[in-house]
Each structure stands twice: as C-alpha cells, then as structure tokens.
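First to last, the sequence lines map onto chains A and B.
Residues 9 to 324, numbered by this note's numbering, are exactly what the first sequence covers, in order.
Residues 53 to 815, numbered by this note's numbering, are exactly what the second sequence covers, in order.
Only one structure is covered here, and it is reproduced in the block below.
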Amino acid sequence: MPVFRTAFNGYSVKFSPFLENRLAVPTSQNFGMVGNGRQYILDLTPNGLVQVAAFDTPDSLYDCSWSEENENILVSASGDGSIKVWDLSAPPMANPVSNRQEHAHEVASVDWNMVRKDSFLSSSWDDTIRLWTLDSPHSLRTFAEHSYCVYNACWNPRHADIFASASGDCTLRIWDVRQPRSTYVIPGHEMEILTCDWNKYNEFMLASGSVDKSIKIWDVRSPRQELTRMLGHTYAVRRVKFSPHKESLMVSCSYDMTVCLWDFRQPEDALLARLNHHTEFAVGVDMSVLVEGLLASTSWDESVYVWQMGMDPRAA
Amino acid sequence: MAFRDLVMGGAGCAVPGQDGASSSNPLGGLADSIIGSASKTQERIREMPGLAGASQAGPQFGRNGPLTSLPGSEFNQAQWHDGQVPEYMRGFQSADPREFTDAWNQSVERWPPPPQLSTVPGNQEGALFSEFDSIYGQQAGPSGAPLLDAPPQRVLNNFLHSFFDSSRTNAPFPAVRLPELGLSQADKRRIRDRSHIMGRHIFADKGDTFVDSQVNGLLHSLDIDESLGAQTRGPLAGQIPEFEQLWKEGFAQSNMQVVPRPPMSLGTQWANEFHSQVGPSGAPQGWADEFDNLQTGNNWANQMQEQQSLSHLRNGQMGNMAGMEQTRSLVQTLSQNQDPKFQSSKFLQFVSKMSRGELIVEDNQVKSATTNADAWANEFQQQHPESWAAEFTAGEHQFRGDTWANEFARGKPEPVTTNDAWVDEFSKLGVKDWADEFGDQMARGALGDDVSSEWVDSYDQFVEESVRGEQMKAGSSRFVYQFADNNPYVGHPNPLKEGQELFRRGLLSEAVLALEAEVLKNPDNAEGWRLLGITHAENDDDRQAIASMVKARDADPSNLEVLLALGVSHTNELEQDEALRYLRGWLQHHPKYGALVPGNVSEQLIPSEVEGLFLEAAQMSPEDSDIHTVLGVIYNLSRNYVKAISSFERALQLKPRDYSLWNKLGATQANSSRSAEAIYAYQEALDLKPNYVRAWSNMGIGYANQGLYEESIRYYVRALEMNPKADNAWQYLRISLSIASRNDLLDAVERKDLSALAKEFPL
C-alpha cells in the first residue's frame with residue numbers, strides 16, 4: 009500500500025470527511041522540538057500518495073482537523089499557541105486564511121464538531137481548552153479546569169455540546185458547553201493521559217490512552233472503574249481511535265513505534281494486530297469514515313502509510 | 053453561510069480595491085461552486101453513526117437545544133473585557149458591529165476593504181474576519197520565519213533524535229559539544245519547555261532523576277540555560293494542588309462515590325508498574341523483556357545519582373571522568389539491548405560517530421546555570437585544554453621577543469623546585485586510578501558476553517582507546533617531551549640561533565627540530581624550552597607545547613612568561629584557584645607591579661581581588677598591553693567575554709601588530725557566539741603571520757561555528773598542510789567532513805592524505 013515521505017516528522021494524520029482519497033498530515037521539523045511546521049494535504053491516487061498542497065508555518069504543527077461543513081477548510085494546531093485555518097480553494101498566498109493566537113502555549117489538538125459542524129475545539133499545553141467558530145475571530149469560550157497540559161479534546165459524535173478532554177494531570181474530564189463547569193472528572197490513569205476518543209456507536213463510551221502504556225475503556229456514567237483495560241503497548245500510548253464502522257474495533261499508536269488494532273469486547277484477546285511498519289515513534293493514526301477498513305498512520309520516521317485493514321502496510 | 057463569508061473575506065484580501073464587488077467578483081462564483089460541492093459531499097456522510105443520531109439526546113446529557121447558537125458561551129466571562137460582550141456572544145452569528153468598529157477603521161487605512169457579498173446576511177463578520185486575517189497574515193505568515201535548512205539543522209535533527217532514542221536504551225544522554233547551531237533565545241526556550249514535557253512522556257518509566265538527567269544532557273549540549281526566560285513546566289510530582297478541590301467540586305456535582313487517585317510520584321513508578329502489570333493473565337508476550345528494561349532503568353537511575361554526587365563531590369576536576377564513567381555505563385547498557393529495531397536505529401549512527409571521534413563526549417556534569425556554558429574549554433578540545441597556555445606563551449614571546457636574548461645571556465640558577473606542584477596537581481585528578489579501575493571492569497566483562505554487533509565492538513574499541521589515551525595522559529608521559537628521530541640539527545654549532553632564525557621566517561616545523569637540538573644540548577636552557585613551547589603552540593601542537601613549557605618552568609621557576617603561561621593553562625582546565633595563583637605570581641614577580649601584591653599572600657584567592665590587582669596595575673601604567681592581555685585572560689576565566697574582548701581590544705590598540713593577540717581576541721569572540729567577528733580577528737593574525745597554523749585552524753572553527761562547514765574544511769586542510777601533526781585540526785576536520793556529508797573523504801583523513809583533501813577543498 010502507498011507510502012509518502014514527508015520532509016519533517018509526522019505528528020498526526022486525518023482522513024477528509026468529504027473526499028475518500030484525501031488526507032491531511034501536520035508535520036514538524038526536529039521532532040516538534042524547534043523549527044518549522046508543514047501541513048500536508050495528500051491524495052490517494054492510482055500512483056500512490058500525491059501531495060496536493062503543503063503549507064509552511066513558523067512553528068511546529070501537532071494536530072489538524074478537517075471542517076465538517078466544508079471540504080476545503082482545515083485547521084492546524086501549532087506549537088506557537090496559534091491555530092491556523094487553511095482554505096484549499098484560496099490562493100496559496102491567502103493561506104492561512106485565519107490565524108487564531110490565543111493559547112499561551114503549544115496547541116496539542118484540534119477537533120471539529122461533527123454534529124453542529126460550525127465549531128471546533130482546541131486543547132493546549134497552557135492547561136486550557138478553547139471553543140471556536142470560523143465566524144468569530146476570538147474563541148467563544150475557555151475551559152480552564154485542568155491543572156496541567158491538555159493533550160486532547162474531542163467532541164462526542166452524537167451530542168453537539170458534549171466533549172471529553174485528556175490531560176497530563178492524569179484526569180479525563182467530560183464537559184457540556186451548556187454548563188459552567190465540567191460535568192465529570194475521571195481520574196483515569198496513574199500517569200499522564202495523552203489521548204481520548206468517543207465510541208461512534210455508544211454515546212457514553214470513551215477510550216483513553218496514557219503514558220502508563222495502557223488503553224482504558226470507560227462508561228463515563230460510572231467513572232470509578234474502567235470497563236476494560238488493554239495492555240500491549242510497551243511505551244506511552246499516543247493516540248486511540250474508535251472505528252467508525254464497527255463498534256468494538258479500535259486502533260492505537262504508541263511511542264513503542266507500533267500501531268495496534270484492538271477488539272475491546274475480547275478482554276482476554278483484545279489485541280488483533282500489531283503493525284511494525286514505522287521505525288520511529290508512531291504518533292498519528294486514523295480510520296477512514298468513507299471507506300471501511302482504510303487506515304492511515306504517520307510517525308517521526310517521516311512517513312505516512314495508508315493501507316487496508318488486514319493488509320501489511322508495507323506490502324507494495 | 054458562514055463559510056461563504058469566510059471565502060469571500062479571504063478572497064477579498066487577495067483582490068484589493070474592489071469595494072463591494074459582491075456578485076461581480078469572479079471569486080464569488082468560485083465560492084458558490086465550492087459551497088455547492090461541499091453540500092453535495094455532505095450527503096455522503098449522513099449515514100454515519102452519530103451524525104444521524106444528533107437529535108437523540110441521551111438521558112445523562114440532557115436535552116439538545118436547537119443548533120442556532122453555541123450554548124454555554126455566556127460562561128466564558130473572563131474572555132470578554134467590556135461589559136457589552138456577553139450580548140454579542142449570545143448570538144455570535146450576528147455580530148455587534150461596534151465591537152470591531154475601531155479596529156476596522158484602522159485597518160481601512162492600511163488595507164483596502166474586501167469585497168462584500170451583499171446577498172449574504174451577516175456578512176460583516178466576513179469582512180471583520182478578513183481584516184483579522186490580514187493583520188495575522190502579516191504577523192504570522194509562513195514567510196515570517198526562515199526555514200531552518202542550513203547544515204546546523206542536520207546536526208540539530210540528528211542530535212534531538214538521539215535524545216528521544218535514548219528512551220529505548222535507558223542510557224544516559226551524554227552532553228555533547230555541538231557546533232553553534234544559531235538557536236535564538238526563543239528557540240532555546242522552546243526546546244527547553246518541550247523537552248521537559250515530552251521527555252516525561254517518553255522516559256516516564258525511568259523516574260524523575262533519569263528524566264532530569266536526560267533533559268539536562270540535552271540542554272547542556274545545546275548550551276541552553278535552564279533558567280532561561282519564563283518558568284519551566286515542571287513534572288507532576290505528587291498531589292496536584294488544585295486537584296483535590298476540583299475533584300471535590302466535580303464529585304459534588306456528579307454526586308457519585310468516587311475515590312480520587314492522585315498521580316504518584318514518578319520516581320517510584322516502575323516498581324509499582326511492574327507489580328500491577330505482572331498480574332493480568334492476558335499479559336502479552338514481551339513482558340519479560342519489558343521488566344528487564346525497567347530493571348535496567350532503575351539501575352540507571354541509581355548509577356546516575358551516584359555519578360552525580362561523585363562529580364559534585366570532586367567538583368570540576370571530575371568532568372572528564374564523569375563523561376567517561378557515562379561512556380562505560382552506556383556501553384554496558386547498550387550491549388544488553390538486543391531489540392533489532394533499536395539496533396537499526398539512528399542512535400547507532402550517533403554512537404558510531406562518537407566512536408570515530410566525530411563527536412566528542414564532554415564534561416557532563418549537571419552544572420549550575422552560571423558555569424553551564426563551557427565555552428572557553430569548548431573552543432579547544434577537552435583532551436587538549438592546554439592550547440591556550442601554549443597560545444598565550446606565544447603571545448608573551450611577542451611582547452618580550454626583544455629581550456629574550458638578554459635573558460638567555462644572563463644565565464640561570466639551578467632550578468630550586470622540581471615539578472612537585474605539577475605532580476601533586478595531577479594526582480589530585482586521580483585520572484590514572486580511575487582509568488585502571490575502569491580497565492579492570494572492562495576486563496571483568498562488564499560489557500557482557502554477547503557483544504556481537506559491529507557497532508558495539510567499534511564503540512568498545514573507542515572506549516579502550518580513550519582509556520589508553522587517558523592513561524597516557526595520566527601517566528608520567530603526559531609532560532614528557534617527545535623528541536623527533538633523526539634530527540638533522542643535532543650537532544649544529546648553534547642550534548638556538550638557527551631555531552630563532554627559522555621561527556622568525558615562519559618555518560615552524562624546522563624551528564622545532566633546531567630547538568630540540570638546542571635543548572638536547574642544553575637541557576637547562578629555559579629560553580630554549582620556552583621558545584620551543586611557543587613554536588609548538590603556534591604550530592597547533594598543544595601537548596608538545598605544554599611539555600616544553602613545563603620544562604621551561606623547571607629551568608626557571610620565576611620566569612614571568614612561564615608563570616603566565618601556566619596561569620592560562622589552568623584557566624583552560626577551569627581550575628580557577630591555580631590559574632589565579634599563577635597570574636598573581638606573575639604580578640608578584642613583575643619588577644614594576646610586584647609592590648601591588650600584599651606582602652603576606654593569603655592562600656584564599658578571590659577572583660575579584662586578583663582582578664582588582666590587575667586593574668590597579670592597569671591604572672599604574674595604562675599603556676602596558678601585557679596587563680590588558682592578562683585582564684583579558686582573567687575575564688575569560690570568569691566567562692565575562694564582553695570585558696575580555698574589550699581588554700584584548702585595548703591591548704591591540706597598544707600592540708596592533710601582535711598576531712597572537714588577534715588570535716586571542718578571535719578565540720574569545722568565538723566563545724561568546726560572535727564567530728563572524730572572530731573570522732576578522734583571525735584574518736588579521738594571518739595577515740601578520742601567514743604561517744600561523746593555529747590561526748588557520750581557529751579560522752576553520754570560526755566558520756564551522758557559523759555552520760559553514762565546507763569553508764571550515766579548507767582552513768583545517770591548510771593548517772594541516774603546514775603541520776600534519778596538529779591533532780586537533782584532524783579532529784575538527786573529521787567533524788566538519790561528517791556534518792558536510794563528505795564521509796567519503798574520511799578515508800583520506802585516516803590515511804592522512806592531505807593532497808586528496810586539498811584537491812577537494814582548495815583554499
């Protein structure tokens with residue numbers, strides 16, 4: 009399956025929700041420690057992965073998210089605390105079409121609201137989460153309850169106002185933007201939590217991945233105890249993602265350089281596959297919404313792989 | 053609708069001057085088509101779970117309101133400074149124009165107003181939006197920062213890679229001297245903050261001490277001051293202050309019985325980790341390995357601690373040793389790691405580079421911020437810190453050149469003191485003992501049995517070579533002068549005169565032979581030794597220069613130049629007390645300034661007092677360039693490079709033709725990150741003395757510091773053509789070739805084939 013070489017170290021990969029062959033890959037020079045960023049837009053063609061556009065930024069890019077209401081709009085999370093809005097239909101000189109500089113530290117994640125489609129979230133190392141729309145140049149709201157970096161914030165796929173956040177303060181929080189404070193606090197792991205994701209079929213089910221190497225599945229209504237815990241990564245879990253097509257299917261990537269596929273319904277035998285195609289920390293993984301079983305991953309090894317589940321990503 | 057505004061606003065920026073060109077704007081059509089296609093494609097994902105269920109509110113989450121505005125925005129009071137804002141916020145889709153009137157008016161002066169689509173309601177936002185874009189676009193466009201693609205970028209990248217890679221090896225991250233990478237303060241702050249946070253994700257298993265030492269190694273190597281700028285985001289240790297309260301609130305709110313589990317101290321994590329994870333029956337294969345790793349990690353933490361306290365105990369003298377200690381442990385740890393992925397990692401390349409001497413492991417002590425930047429020592433190699441001494445002696449010769457013949461004629465008393473001081477000094481370092489011990493441990497098989505892969509072998513070899521080197525230095529051989537074989541000048545009627553003549557003509561290698569003949573004939577001739585030391589120094593051969601200078605001191609313990617040279621050599625070794633003692637001794641023995649030094653010299657040396665003595669001397673005779681030169685050296689000792697540079701500049705005003713002073717000025721400028729100016733100073737030195745080998749190689753260093761590696765190679769090669777024995781220059785040449793991706797020429801370096809190198813890199 010196709011592989012694409014990026015100039016910088018990959019940080020995330022996201023399938024377009026509109027075009028089944030399109031991906032966005034934010035990358036950073038020097039492993040995101042210092043230097044520039046570059047937002048790649050790639051198309052899957054019969055000739056492999058082809059670069060459609062690339063936008064350079066003054067600082068590292070850690071994450072990106074496609075707009076849910078327009079196929080040409082993409083937002084990227086930058087190390088300088090800014091959020092860049094790109095418009096693929098605008099001339100290159102006009103990009104970024106917007107630059108939102110409000111976070112005081114690195115922006116770790118961005119996530120577009122799948123239900124409302126007009127708003128998105130950003131989470132930052134400044135311990136806060138911000139709520140944005142494209143219409144307003146300012147953030148609409150700041151959620152400041154975490155006491156350490158917020159590495160991830162993601163909308164509930166069914167409820168327009170509900171989102172979850174994962175933080176280095178070892179907690180998950182569940183928020184309802186109609187409420188003044190967070191609704192639930194889940195002391196999810198004993199070490200920093202780097203990622204979380206909602207199940208697409210069960211509105212109460214949340215997964216979290218942590219520096220403690222484990223992935224936990226939660227019913228957010230009973231945060232005292234996780235539903236299940238999945239072990240297998242040998243370093244911090246960097247990203248988890250529920251399948252959009254199968255309720256119990258998950259994919260994760262880790263600093264142990266592997267991408268793992270899981271079925272959390274089989275607690276004794278949850279690990280379906282461990283993929284070894286990356287040679288450095290695997291930090292980005294996604295499952296296509298439009299094509300069932302299509303997976304993408306990226307890594308600090310400066311590669312982007314797209315493959316069909318069940319295949320070897322490296323198979324030509 | 054919102055998107056249409058966005059597109060039109062954005063396009064407006066690119067089409068200045070079309071006021072209100074709405075529908076006639078060709079980009080309007082484009083926007084329509086885009087929006088059209090967007091809505092079409094949206095159809096396809098309607099079937100997706102979650103999207104369809106948007107209106108089915110879950111009982112726990114309450115009722116979903118109509119999607120007219122984002123609810124909850126009014127809670128964000130802190131965000132809005134003026135009272136009117138919440139009103140604006142309640143319906144952000146119809147913006148309050150007052151909010152932005154001022155900004156807008158201002159922007160009109162600088163920016164042509166974008167075209168507006170009158171058919172789209174609420175389009176003022178679009179206009180305002182584009183206005184912000186214009187401003188932001190100017191500030192933060194991709195053109196705002198240059199891409200870091202210069203050669204230093206490759207060094208930095210490889211280096212950072214080895215930092216992150218060290219998570220897999222459990223090996224300590226050694227502080228390594230890197231060429232100047234031209235990192236700005238902001239860059240350094242970024243690296244510091246991000247390495248603190250990301251390091252904790254990657255090294256989490258190994259405890260806080262390990263994380264700190266890794267990060268310190270990184271920061272030290274990149275010359276990043278821990279106390280730089282804003283406060284670092286620290287680790288999460290123990291209870292988070294706010295956590296409990298937040299928890300209680302959350303608890304009260306959700307009305308559930310949940311016991312909070314505060315994060316544990318990371319330091320004790322691995323043991324618990326092991327206990328908690330050994331339990332599950334479904335533990336995947338590979339857990340045993342995992343445990344091994346963890347154990348190693350713990351060993352490491354202990355070792356690191358021991359090492360740190362050790363080096364702290366013995367203070368600065370242990371720098372080199374700490375580095376070697378780490379190297380030993382590194383080899384030990386690496387040899388245990390059989391992970392094939394690791395074996396093919398770039399870390400391997402990093403290590404093997406070290407084994408070839410392309411990277412030099414340096415003093416890895418965790419130092420306080422003020423002593424963090426070992427720029428002085430860094431300028432020259434760790435192994436040859438004496439260079440400045442020799443260097444300085446060369447300068448001395450220049451000032452005193454007219455009188456040395458007289459001094460020689462005067463004759464010398466038998467040396468009263470032996471080199472006891474040196475022996476004592478040296479045994480304090482304990483390098484030999486340590487080296488022996490290290491050798492023993494190596495022999496006992498600390499490396500393990502299955503050291504099979506090539507790179508470990510080569511690393512092993514490197515370590516052994518280093519040990520041998522240390523033993524050489526540690527043993528009596530360090531200051532034993534190595535005479536050349538078959539010296540044609542032996543038997544010459546007056547080799548000293550011949551040597552002087554050759555030195556003046558700039559034939560340094562020949563001059564060395566003649567002067568060797570002289571000191572073989574008259575071993576007690578301090579002047580012969582001194583001139584020999586100067587010649588070696590100018591020829592960039594530090595070891596021989598120091599050996600000569602020690603002999604000169606044996607022959608004449610009160611010789612001013614020699615005292616000064618020794619003061620400088622201790623400055624190089626960062627032995628402040630010794631350096632100051634010799635420098636004060638210089639002043640004491642000086643016929644003019646001796647009276648300045650109080651009669652009963654205290655053993656306690658305070659840098660500011662010695663500096664004060666020289667400042668007094670400078671007041672006495674402000675036209676004495678020697679005094680300014682010594683002040684420059686003292687300021688170098690305290691790393692006060694600004695003052696050091698002005699002292700050398702003052703000395704140069706008085707002696708503009710002193711090439712060694714120009715060289716000192718250049719070296720100091722290079723140390724204070726002013727390598728471009730250093731090039732100029734070195735050029736002055738070379739204009740005055742074209743055969744000044746040291747200045748040629750320093751010039752190379754100056755270019756390398758600026759990332760101009762190819763340029764630096766030319767200068768190293770020129771220096772080596774003049775004196776192939778200049779070991780430092782060979783080392784620097786290897787580094788530059790490697791960074792310039794000319795590894796193909798490393799063979800030529802091994803063969804010492806200068807003609808091949810000069811052909812590739814003509815000057």
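Even for Gly, the Cβ is constructed at its ideal location relative to N, Cα and C.
From a predicted model like this one, the values you see are computed outputs, not experimental measurements.
Looking at B/Trp581 and B/Ser561, is the spacing between their C-beta atoms short of 7 Å?
Locating residue 561 of chain B in the second sequence gives position 509, where the first residue counts as 1. Locating residue 581 of chain B in the second sequence gives position 529, where the first residue counts as 1. No, these two residues do not count as a Cβ contact at 7 Å.
By DSSP, does A/Ala244 sit in helix, in strand, or in coil?
Your numbering for residue 244 of chain A matches position 236 in the first sequence. It is coil, neither helix nor strand.
Residue nearest to A/Phe63 in terms of C-alpha spacing, selected from A/Ser155, A/Phe16 and A/Cys268
Along the first sequence, one-based indexing puts residue 63 of chain A at 55. Among A/Ser155, A/Phe16 and A/Cys268, the Cα nearest to that of A/Phe63 belongs to A/Phe16.
Determine the contact status of A/His113 and A/Ser132, defining contact as a CB-CB distance below 7 Å.
Counting from one through the first sequence, the residue named residue 113 of chain A turns up at place 105. Counting from one through the first sequence, the residue named residue 132 of chain A turns up at place 124. Contact flag set, yes.
Please confirm if A/Phe272 has its CB atom under 7 Å from at least one CB of chain B.
Working through the first sequence from its first residue, we reach residue 272 of chain A at position 264. No, its Cβ sits nowhere closer than 7 Å to a Cβ of chain B.
Given that a residue counts as buried once 16 or more other Cβ atoms are within 10 Å of its Cβ, and exposed if not, what is A/Thr191?
Within the first sequence, the letter at position 183 stands for residue 191 of chain A. Buried is the call here.
Our contact map puts A/Ser86 next to A/Thr53 with C-beta atoms below 8 Å; I'd like the distance itself, whole angstroms only.
Your numbering for residue 86 of chain A matches position 78 in the first sequence. Your numbering for residue 53 of chain A matches position 45 in the first sequence. Rounded, the Cβ-Cβ distance is 29 Å, inconsistent with contact.
Relative to the C-alpha of A/Val58, which candidate in A/Leu69, A/Glu79, A/Val33 and A/Met41 has its C-alpha closest?
Working through the first sequence from its first residue, we reach residue 58 of chain A at position 50. Nearest of A/Leu69, A/Glu79, A/Val33 and A/Met41 to A/Val58, Cα basis: A/Val33.
For A/Asp277, does the count of other Cβ atoms within 10 angstroms reach 16, so buried, or fall short, so exposed?
Start at 1 with the first residue of the first sequence, and residue 277 of chain A comes out as number 269. Per the 10 Å Cβ criterion, exposed.
Boundaries of the beta strand (DSSP E) in which A/Asn78 is found, first to last residue
Here residue 78 of chain A corresponds to residue number 70 of the first sequence, with the count starting at 1. That residue, A/Asn78, is in no beta strand (DSSP E); it is neither H nor E in DSSP.
In whole angstroms, what is the alpha-carbon distance linking A/Arg181 and B/Leu657?
Stepping through the first sequence from its first residue, residue 181 of chain A is reached at position 173. Stepping through the second sequence from its first residue, residue 657 of chain B is reached at position 605. When rounded, the distance between both Cα atoms is 60 Å.
Buried or exposed by the 16-neighbour rule on C-beta atoms within 10 Å, applied to A/Gly292:
Here residue 292 of chain A refers to the residue found at position 284 when the first sequence is read from its first residue. So A/Gly292 ends up on the buried side.
Since I believe B/His641 is in contact with B/Ser879 (beta carbons under 8 Å), could you give me their beta-carbon distance rounded to a whole number of angstroms?
Summary: the structure shown does not reach residue 879 of chain B, with chain B confined to residues 53 through 815, and so no result is reported for it.
CB contact flag (B/Gln735, B/Glu729, <7 Å):
For this step, residue 735 of chain B is matched to residue 683 along the second sequence. For this step, residue 729 of chain B is matched to residue 677 along the second sequence. Contact: no.
A/Leu302 versus A/Met238, A/Pro100, A/Ser251 and A/Ser20, residue with shortest Cα-Cα distance
Within the first sequence, numbered from 1, the residue matching residue 302 of chain A stands at position 294. Among A/Met238, A/Pro100, A/Ser251 and A/Ser20, the Cα nearest to that of A/Leu302 is on A/Ser251.
Kindly indicate which three-state DSSP category B/Asp217 falls into: helix, strand or coil?
Counted from its first residue, the second sequence places residue 217 of chain B at position 165. If DSSP states are grouped into helix, strand and coil, B/Asp217 belongs with the helices.
Would a check of beta-carbon distances place B/Leu271 closer than 7 Å to chain A?
Here the question's residue 271 of chain B lines up with position 219 in the second sequence. No - not a single Cβ of chain A is within 7 Å of the one on B/Leu271.
What residues from chain B crowd round A/Leu202, counting only those whose CB sits closer than 9 Å?
Taking the first sequence and counting its residues from 1, the one referred to as residue 202 of chain A is at position 194. Those are His253, listed as they occur along chain B.
DSSP beta-bridge partners for A/Met295?
In the first sequence, counting from the first residue as 1, residue 295 of chain A sits at position 287. Paired residue(s): A/Leu303.
Quick check: the Cα distance between A/Trp206 and A/Gly56, rounded to an integer number of angstroms?
For this step, residue 206 of chain A is matched to residue 198 along the first sequence. For this step, residue 56 of chain A is matched to residue 48 along the first sequence. Whole-angstrom Cα-Cα distance: 31 Å.
Backbone CA spacing between A/Arg108 and B/Lys811 [nearest angstrom]:
Taking the first residue of the first sequence as 1, we reach residue 108 of chain A at position 100. Taking the first residue of the second sequence as 1, we reach residue 811 of chain B at position 759. Their Cα atoms are separated by approximately 54 Å.
Under the rule that 16 or more other beta-carbon atoms within 10 Å means buried, what is B/Asp217, buried or exposed?
To locate residue 217 of chain B, count along the second sequence from 1; it is residue 165. Classification of B/Asp217: buried, given that the 10 Å Cβ count is 16 or more.
Going by CA-CA distance only, name the one from A/Asn210, A/Tyr243 and A/Arg124 that's closest to A/Phe226.
By 1-based counting over the first sequence, the position of residue 226 of chain A is 218. Rather than Phe, the amino acid found at residue 226 of chain A in this sequence is Trp. Comparing Cα positions, the closest option is A/Asn210.
At what residues does the alpha helix (DSSP H) containing A/Thr14 begin and finish?
As a first step, residue 14 of chain A must be located in the first sequence, where it is residue number 6. Looking at the DSSP string, A/Thr14 is not in any alpha helix (DSSP H), and its letter there is neither H nor E.
Counting Cβ pairs, one atom from each stretch, are 3 or more of them under 8 Å apart for the region 751-771 of chain B and the region 563-582 of chain B?
no
Please list, in chain order, the chain B residues whose beta carbon lies closer than 9 Å to that of A/Trp133.
The residue labelled residue 133 of chain A in the question sits at position 125 within the first sequence. Here the neighbours are Asp245, Arg246, Ile249 and Arg285.
According to DSSP, is A/Pro34 helix, strand or coil?
As a working note, residue 34 of chain A is residue 26 in the first sequence. Correct three-state label for A/Pro34: strand.
What's the call for A/Ala290, buried or exposed, on a 16-neighbour Cβ count within 10 Å?
Numbered from 1 along the first sequence, position 282 holds the residue referred to as residue 290 of chain A. Buried is the call here.
For A/Gly318, return the contacting residues in chain B, with the cut-off set at a CB-CB distance below 8 Å.
Position 310 of the first sequence, counted from the start, is the residue given in the question as residue 318 of chain A. Simply none; closest approach about 20 Å.
Residues of its chain near A/Pro231, where Cβ-Cβ distance is below 7 Å and the 5 sequence neighbours each way are ignored
Sequence index remark: in the first sequence, residue 231 of chain A carries index 223 (1-based). Tyr192 and Ile194.
Using CA coordinates, which residue listed in A/Phe26, A/Asn29, A/Val267 and A/Asn38 is at the minimum distance from A/Thr14?
Along the first sequence, read from residue 1 onward, the residue named residue 14 of chain A stands at position 6. Answer by Cα proximity: A/Asn38.
When burial is assigned at 16 or more other CB atoms within 10 Å of the CB, is B/Asp805 buried or exposed?
Counted from its first residue, the second sequence places residue 805 of chain B at position 753. Per the 10 Å Cβ criterion, exposed.
Would you list the one or two residues that DSSP bridges to A/Asn107?
Mapped onto the first sequence, residue 107 of chain A falls at position 99. In DSSP, A/Asn107 forms a bridge with A/Lys92.
Among the candidates A/Leu279, A/Lys208, A/Thr35 and A/Arg229, whose CA atom is the shortest distance from the CA of A/Glu255?
By 1-based counting over the first sequence, the position of residue 255 of chain A is 247. That would be A/Lys208, whose Cα lies nearest to the Cα of A/Glu255.
In terms of alpha-carbon separation, which member of B/Arg252, B/Gln237 and B/Ile243 lies closest to B/Asn209?
Indexing the second sequence from 1 puts residue 209 of chain B at position 157. Of the candidates B/Arg252, B/Gln237 and B/Ile243, the one whose C-alpha sits nearest the C-alpha of B/Asn209 is B/Ile243.
Within-7 Å CB hit, B/Asp239 to chain A
As a working note, residue 239 of chain B is residue 187 in the second sequence. Yes, B/Asp239 lies at the interface with chain A (some Cβ there is under 7 Å from its Cβ).
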